[in-house]
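Written out below as structure tokens is the structure these notes cover.
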Amino acid sequence: MNPQLIRDLIALLGPKAVLSSPEDLMLYEYDGSVELGSPKCVVFPSSAREVSEIVRLANRYEVPLLGRGAGTGLSGGAIARDGGMVVAFSRMNRILEIDAANMRAVVQPGVVNLDLSRAVDHLGLYFAPDPSSQKACTIGGNVSENSGGPHTLAYGVTTNHVTGLELVLPDGEIVRTGGKNLETSGYDLNGLFVGSEGTLALVTEITVRLTRKAEAVKTLLAVYDTIDDTTESVFEITVRAITPAACEMLDGFTLRAVEDYVHAGFPKDCAAVLLIEVEGLSEAVEAQAAAITEVCKLHRAREVRVARDDRERALLWKGRKEAFGALGRISPMYYVQDGVIPRTRLPETLRRIAEIAAKYELQIGNIFHAGDGNLHPLILFDERDRAQFDRVVAAGGEIMRHCVDVGGALTGEHGIGMEKNELMSLIFSPEDLALMARVRAAFNPEGRLNPGKVLPLGKGCGEIRIPHIPASAATPA
Amino acid sequence: MTETTANTNQIAATAPASGFSGADIPAYEDYAHCVHCGLCLNQCPTYKLWGLEADSPRGRIRQIILVDQGRLPLGDSFVQHIDQCLDCRACESACPSGVQYGKLVESARAQIEQNYRRPLFSRLARDFVFRRLLPYPHRIAILARVLYLYQRSGLQSLARASGILGLLGLADRERLLPPIDRKFFFSSLGRTYPAIGQRRARVALFAGCVAQVSFSKLHEATIRVLTANGCEVVVPAGQTCCGALAAHAGARDAARGVARTNLDVFLKDDFDAIITNAAGCGSTLKEYGHLFPAGTAEHSKASAFQKKMRDATEFLADLGMTAPLAELPLRVTYQDSCHLLHGQKIREAPRKLLRAIPGVELVEMNMADYCCGSAGSYNVTETETSLALLAEKMKHARATGAPVIVTANPGCLLQMRAGAQIHSTGQEVVHVVELLDRVLAKSH
Ligand SMILES: Cc1cc2nc3c(=O)[nH]c(=O)nc-3n(C[C@H](O)[C@H](O)[C@H](O)COP(=O)(O)OP(=O)(O)OC[C@H]3O[C@@H](n4cnc5c(N)ncnc54)[C@H](O)[C@@H]3O)c2cc1C
Ligand code: SF4
Ligand code: SF4
């Protein structure tokens with residue numbers, strides 16, 4: 000990196016807010032995914048004005064740049080694919096305003112999702128998007144990835160909870176979209192930026208909608224001896240127009256790892272469980288819980304258990320939310336898939352995944368937001384085994400292709416990033432992709448902001464890119 | 000001959016040599032469980048303070064991996080970030096993958112100790128404290144006498160008033176020095192305290208090192224509470240420092256030395272439990288097994304010992320309090336001691352005991368599960384960071400409006416007392432057991 004740029008950055012931000020030594024940069028080559036790529040420098044702004052100056056410097060020196068929240072992303076979004084500069088938002092982490100009367104909060108992008116909910120808890124409010132990574136991921140990252148979570152089923156994804164943004168455009172201009180009110184006229188600019196995976200602008204402030212906690216909540220755990228019974232229950236719940244707030248499925252394989260960690264009393268010998276939550280007014284909750292229990296029993300659920308208290312409820316959710324990590328206990332690494340399928344195709348999809356696992360001799364755990372058909376098959380592997388890793392990538396490709404074949408989508412919530420951009424042409428026509436490219440060019444004409452993400456680069460179109468072999472692969476024996 | 004050299008070179012070119020060597024190498028099996036998900040980041044006090052990946056659990060584990068891969072030198076940068084870790088193990092509680100971070104960082108420190116040259120003064124000081132002072136009770140006693148004279152002769156007030164400490168850059172550190180007792184606990188070693196009423200258990204008390212000269216009152220309170228609840232308390236003679244400070248600092252040889260002594264002393268007799276009132280010691284004592292290779296005789300001794308180790312709060316909560324307690328109308332807040340909560344996974348026991356005191360109202364403190372900055376000897380080695388964390392902690396402590404802060408470890412007590420003083424919160428800081436002792440004392 001140009002030493003003069005580093006000097007200019009230090010003059011702007013101070014020496015403690017600029018990293019450029021190889022020792023430091025190595026720690027920004029990864030995120031939560033299996034991708035790798037080292038930046039040439041990392042900067043820590045503390046205000047929108049500083050971000051704007053940083054962007055102007057990047058333009059002057061013609062250096063690519065990208066934002067980073069907590070680096071929990073699962074598609075390599077925060078990885079500096081072409082070197083360049085990482086703008087880390089970890090120090091812009093203040094909650095600027097809590098407006099309880101209007102149920103809004105104004106936050107800096109580095110505020111951690113769960114910290115916001117904790118800060119408004121005493122007001123009976125919370126921030127509804129609840130990705131499983133919520134105790135660590137930032138709201139800036141949520142906005143960029145349009146993240147969802149188990150309660151997406153009832154409350155929607157991040158975009159449904161953002162009413163205003165402050166952004167720094169790739170030319171350094173600071174702009175605002177929306178505000179505290181929901182805007183209905185003109186273009187929906189918030190909607191355009193939310194989910195743009197950091198390729199259109201850097202987000203420097205977010206106005207979010209807060210949600211009132213429900214009067215009553217009930218969490219049910221339904222236990223099954225076959226996967227088919229499980230998926231059919233989900234199907235029937237939908238058909239009967241019962242609307243739980245969350246409906247999550249974990250297969251037996253995953254559950255055993257989870258139970259060893261959380262000790263929530265998950266049965267270790269079952270084929271799968273459904274974790275279903277209903278909330279609302281007390282009476283309605285009772286009625287819904289009864290209806291769901293009936294459906295589950297009808298589909299041969301071995302047991303339907305209702306969490307007795309908040310502690311048990313929290314424990315069940317901890318099991319679900321930390322399930323990825325729990326699989327990390329039995330395997331050195333995993334490769335998380337993120338596909339969406341129509342709910343009606345769940346049973347056959349799970350059978351297909353089992354076939355793929357057998358074909359490539361791999362272990363695959365299935366965790367997913369069953370209610371909205373968002374699958375997260377986790378393929379386990381040991382980075383030291385190169386041949387196995389190739390099979391992992393091939394299996395991942397086959398699963399994604401199956402999702403597309405049954406009329407689904409490439410990502411439910413983890414984004415396209417640099418992991419799936421070459422697969423975009425599987426679902427989008429060249430015309431669609433050209434239109435997206437035009438949108439990007441309107442804001443980011445030089446492609447300087449987060450290059451190599453989302454849109455295909457055209458290399459090996461339609462083929463899944465073989466990710467770098469992960470860092471720890473080179474471990475001495 | 001030439002052929003072999005060529006061969007070695009080739010291997011070196013494809014896989015650079017690990018930066019670790021000698022004893023206590025961080026194990027692949029331990030760090031491979033880290034899936035770099037980042038779920039631990041926001042739980043880490045140093046990451047929260049600086050927002051740097053290098054000072055986060057995930058970043059520190061990555062640095063350990065990189066050194067093992069030979070990609071990062073075991074040099075200044077590595078040492079700095081590993082030194083800055085509090086070893087509070089909050090990341091362990093947060094980690095769904097079960098990464099045993101404490102074990103990793105302690106081995107990394109053992110590697111630093113063996114393979115990195117610290118500045119002369121720091122080397123001498125560490126050697127003196129871990130190898131020549133803490134393992135020897137009579138040396139602690141001599142040093143403590145000197146300190147006592149300093150603290151009580153008026154010299155301390157003089158030094159504080161004169162501003163000389165400030166000039167020497169010692170003002171903050173001096174404030175964190177433990178106050179020395181007039182009467183040391185050493186005289187109680189070898190004694191047995193009979194149970195009051197029917198005997199329900201026979202236990203040994205672990206007395207520690209520095210605690211014997213600055214926390215004798217806490218020890219006495221512990222004995223009173225235990226005996227009042229039907230325990231016969233033995234304070235075995237010959238016991239010594241637990242080795243926690245040494246193990247945290249990477250001086251694992253020194254830790255092993257004291258561990259051997261303690262294993263011999265405490266396994267000589269058959270106790271129902273071995274009790275400590277210091278969470279920091281307890282967490283190391285419960286992990287003596289980490290110090291010795293599996294399969295060795297010492298390892299099995301350590302396992303037998305570990306099974307009996309109990310924190311005083313854990314033991315009392317399990318046993319159930321039978322002694323009558325007087326009413327104490329008091330609002331208190333509880334600060335989790337990291338090595339109790341994250342090291343030993345004990346959250347409820349101290350809270351349960353506090354709630355058992357009639358009249359006591361327990362108000363939870365925001366972020367009670369974050370380190371106060373004491374962290375063993377961290378407040379002495381990384382004073383600035385420690386004080387920054389303390390400032391945060393006192394903000395939350397003050398916000399509870401409780402006049403009394405309760406905690407479960409002598410190190411935390413000292414730190415929080417200094418905090419209450421520095422930030423003038425006017426709060427009293429006591430150990431759970433001391434509070435229990437107060438309500439006992441009243442009922443007598
Ligand atoms: C264990 C685990 C579970 C997960 N569960 C879920 C889940 O249930 N649902 C879900 O949706 N996701 C989930 N994720 C994925 C991830 O946590 C989310 O995508 C999250 O929103 C990323 O936030 P972050 O702060 O870590 O962002 P990062 O990973 O740092 O960045 C993500 C993207 O956002 C961009 N970005 C970040 N901040 C800014 C900014 N201020 N301005 C512009 N661009 C920015 C980056 O450039 C990058 O493209 C999970 C991840 C893990 C590891
Ligand atoms: S230590 Fe655990 S929580 Fe932290 S990054 Fe590694 S696996 Fe995730
Ligand atoms: S032990 Fe504490 S300070 Fe060290 S990495 Fe873990 S959470 Fe951070």
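Going down the list, the sequences are from chains A and B. Here numbering that gives the first Met the number 0 is used: the first residue of the first sequence is 0, the next is one more, and so on. Here numbering that gives the first Met the number 0 is used: the first residue of the second sequence is 0, the next is one more, and so on. Note that beta-carbon positions come from the ideal geometry of N, C-alpha and C, so glycine has one too. On a predicted model such as this, the values are computed, not experimentally measured, just so you know.
Self-check item: beta strand (DSSP E) runs wholly inside the stretch 313-363 of chain B, at least 3 long, in chain order
Solution: As summarised for the stretch 313-363 of chain B, the continuous beta strand (DSSP E) elements at least 3 residues long and confined to that stretch are 329-333, 359-363, given in chain order.
Exercise. Please determine if the stretch 150-168 of chain A and the stretch 91-98 of chain A are in contact, where contact requires at least 3 C-beta pairs separated by less than 8 Å.
Key: no
Practice problem: From the DSSP output, read off the bridge partner residues of M248(A). | Solution: In the first sequence, the residue the question calls residue 248(A) occupies position 249. The partner list for M248(A) (beta bridge, DSSP) reads L273(A), F367(A).
Practice problem: With hydrogens ignored, establish whether the beta-carbon of A93(B) is closer than 7 Å to any heavy atom of ligand 2. | Solution: As a first step, residue 93(B) must be located in the second sequence, where it is residue number 94. Indeed, a heavy atom of ligand 2 lies less than 7 Å from the Cβ.
Practice problem: Taking V111(A) as the query, report the chain B residues whose CB atoms sit under 8 Å from its CB, ordered along the chain. | Solution: In the first sequence, counting from the first residue as 1, residue 111(A) sits at position 112. Ordered by position in chain B, the residues that pass the 8 Å Cβ test against V111(A) are N41.
Quiz prompt | Own chain partners of E321(A) with C-beta closer than 8 Å, once the 5 adjacent residues on each side are dropped | solution = As a position in the first sequence, residue 321(A) is number 322, starting the count at 1. Apart from the 5 residues on each side of it in sequence, E321(A) sits with its Cβ closer than 8 Å to the Cβ of S131, V257, Y260, V261 in its chain, given in chain order.
Self-check item: Cβ of E354(B) within 8 Å of any chain A Cβ
Solution: For this step, residue 354(B) is matched to residue 355 along the second sequence. The sequence shown places Arg at residue 354(B), not Glu. It does not: the Cβ of R354(B) has no partner Cβ on chain A nearer than 8 Å.
Quiz prompt | the stretch 359-375 of chain B / the stretch 421-433 of chain B touching (three or more Cβ pairs under 8 Å) | solution = no
Quiz prompt | N-terminal and C-terminal residue of the beta strand (DSSP E) that L377(A) is part of | solution = On the first sequence, residue 377(A) is found 378 positions in, with the first residue counted as 1. Note, L377(A): beta strand (DSSP E), 373-380.
Quiz prompt | Anticipated Cβ contact below 8 Å, L73(A) with G139(A), distance rounded | solution = Stepping through the first sequence from its first residue, residue 73(A) is reached at position 74. Stepping through the first sequence from its first residue, residue 139(A) is reached at position 140. The beta carbons of L73(A) and G139(A) sit about 16 Å from each other, so the pair does not count as a contact at 8 Å.
Quiz item: Which term fits S428(A), buried or exposed, when burial requires 16 or more other beta carbons within 10 angstroms of its beta carbon?
Solution: Numbered from its first residue, the first sequence carries residue 428(A) at position 429. Exposed, by the Cβ-count rule.
Quiz item: Taking Cβ-Cβ distances below 8 Å as the criterion, which residues of the stretch 80-97 of chain A are in contact with chain B?
Solution: A87, S89, R90, N92
Quiz item: How would you call R239(A), buried or exposed, if buried means at least 16 neighbouring beta carbons within 10 angstroms?
Solution: Mapped onto the first sequence, residue 239(A) falls at position 240. The residue in question, R239(A), is exposed, as its Cβ has fewer than 16 Cβ neighbours within 10 Å.
Quiz item: DSSP state of M84(A), grouped into three classes?
Solution: The sequence position of residue 84(A) within the first sequence is 85, counting from 1. Note: M84(A) maps to strand in three-state DSSP.
Quiz item: With 16 as the cutoff for other CB atoms within 10 Å, does A392(B) come out buried or exposed?
Solution: Position 393 of the second sequence holds residue 392(B). The sequence given here has Lys at residue 392(B), not Ala. Label assigned to K392(B): buried.
Quiz item: Between S303(B) and the rest of its own chain, which residues show a CB-CB distance below 8 Å, the 5 nearest in sequence each way excluded?
Solution: The residue you call residue 303(B) lines up with position 304 of the second sequence. Inspection of the sequence shows that residue 303(B) is occupied by Ala rather than by Ser. Only residues of its own chain outside the window of five on either side were considered, and among them L266 have a CB closer than 8 Å to the CB of A303(B), listed in chain order.
Practice problem: Enumerate in chain order the residues of its own chain whose CB-to-CB distance from G459(A) is below 8 Å, with the five nearest sequence positions on each side excluded. | Solution: Counting from 1 along the first sequence, the entry for residue 459(A) is found at position 460. At G459(A), the pLDDT of 45 sits below 50, so the modelled position is not reliable; the number obtained from the coordinates is stated separately. Sequence-distant Cβ neighbours of G459(A) in its own chain, meaning closer than 8 Å and more than five residues away, are E421.
Quiz prompt | Option nearest D227(A) by Cα separation, candidates A213(A), A270(A), I398(A) | solution = Taking the first sequence and counting its residues from 1, the one referred to as residue 227(A) is at position 228. Checked all of A213(A), A270(A), I398(A); the closest Cα to D227(A) is A270(A).
Quiz prompt | Coil, strand or helix - E445(A) by DSSP | solution = Mapped onto the first sequence, residue 445(A) falls at position 446. Of the three classes helix, strand and coil, the one that applies to E445(A) here is coil, per DSSP.
Practice problem: Could you tell me how far apart the beta carbons of L448(A) and P44(A) are, in whole angstroms, since I believe they sit closer than 8 Å? | Solution: Translated into the one-based positions of the first sequence, residue 448(A) becomes position 449. Translated into the one-based positions of the first sequence, residue 44(A) becomes position 45. Their Cβ separation, rounded to whole angstroms, is 15 Å, which puts L448(A) and P44(A) out of contact at 8 Å.
Quiz item: So is the beta-carbon of Y192(B) under 7 Å away from any non-hydrogen atom of ligand 2?
Solution: Here residue 192(B) is taken as the residue at index 193 of the second sequence, counted from 1. Answer for Y192(B): no, Cβ out of range of ligand 2.
Practice problem: Report all residues from its chain with a CB closer than 7 Å to the CB of H32(B); omit the five preceding and five following residues, and keep chain order. | Solution: Residue mapping note: residue 32(B) aligns to position 33 of the second sequence, counting from 1. These residues qualify, in order along the chain: S96, G97, V98.
Practice problem: Using a threshold of 8 Å, state whether the C-beta atoms of A313(A) and E276(A) are closer than that. | Solution: As a working note, residue 313(A) is residue 314 in the first sequence. As a working note, residue 276(A) is residue 277 in the first sequence. No, they are not a contact pair.
Quiz item: Got a sec? Which residues, its chain only, sit under 6 Å from A220(B) by beta carbon, not counting five neighbours each side?
Solution: Against the second sequence, residue 220(B) aligns to sequence position 221. Result list for A220(B): V432, E433, D436, in chain order.
Practice problem: Starting from the Cα of Y29(A), find the closest Cα among N41(B), A22(B), Q62(B), E28(B) and give me that residue. | Solution: Locating residue 29(A) in the first sequence gives position 30, where the first residue counts as 1. When each option's Cα is compared against that of Y29(A), the closest is Q62(B).
Quiz item: Quick one: is D250(A) buried, meaning 16 or more other Cβ sit within 10 Å of its Cβ, or exposed?
Solution: Looking up residue 250(A) in the first sequence gives position 251. By the Cβ-count criterion, D250(A) is buried, with 16 or more other Cβ atoms from all chains shown falling within 10 Å of its own Cβ.
Self-check item: Boundaries (first-last residue) of the alpha helix (DSSP H) holding M423(A)
Solution: Residue 423(A) sits at position 424 when you count from the first residue of the first sequence. Residues 423-426.
Quiz item: In angstroms, rounded to a whole number, what distance separates the CA positions of T206(A) and S116(A)?
Solution: By 1-based counting over the first sequence, the position of residue 206(A) is 207. By 1-based counting over the first sequence, the position of residue 116(A) is 117. For T206(A) and S116(A), the distance between alpha carbons rounds to 14 Å.
Quiz prompt | Cβ contact (3+ pairs, closer than 8 Å) linking the stretch 3-19 of chain A and the stretch 122-129 of chain A | solution = no
Self-check item: Neighbour list for D23(A) in chain B, Cβ cutoff strictly below 7 Å
Solution: The residue you call residue 23(A) lines up with position 24 of the first sequence. Correct list: A53.
Self-check item: Y29(A) (DSSP reduced to helix, strand or coil)
Solution: Position 30 of the first sequence, counting from 1, holds the residue named residue 29(A). Y29(A): coil per DSSP, three-state reduction.
Quiz prompt | Cβ of K212(A) within 8 Å of any chain B Cβ | solution = Numbered from its first residue, the first sequence carries residue 212(A) at position 213. By this cut-off, K212(A) is not an interface position.
Quiz item: So, does the CB of A31(B) fall closer than 8 Å to a CB anywhere in chain A?
Solution: Along the second sequence, read from residue 1 onward, the residue named residue 31(B) stands at position 32. Answer yes: the Cβ-Cβ gap between A31(B) and chain A drops below 8 Å somewhere.
Quiz item: In chain order, what residues of the same chain have a beta carbon less than 6 Å from the beta carbon of V41(A), not counting five sequence neighbours either side?
Solution: On the first sequence, residue 41(A) is found 42 positions in, with the first residue counted as 1. If we look at V41(A) and ignore the five residues flanking it on each side, its Cβ neighbours are L18, Y27, V85, A87.
Quiz prompt | Proximity winner among L379(A), D371(A), L191(A), K358(A), relative to Y154(A) (alpha-carbon distances) | solution = As a first step, residue 154(A) is located in the first sequence; it is residue number 155 there, counting from the start. Among L379(A), D371(A), L191(A), K358(A), the Cα nearest to that of Y154(A) is on D371(A).
Quiz item: Does the distance from the C-beta atom of L318(B) to that of A301(B) stay below 8 Å?
Solution: As a first step, residue 318(B) is located in the second sequence; it is residue number 319 there, counting from the start. As a first step, residue 301(B) is located in the second sequence; it is residue number 302 there, counting from the start. Against a cut-off of 8 Å, the Cβ pair of A301(B) and L318(B) comes out as no contact.
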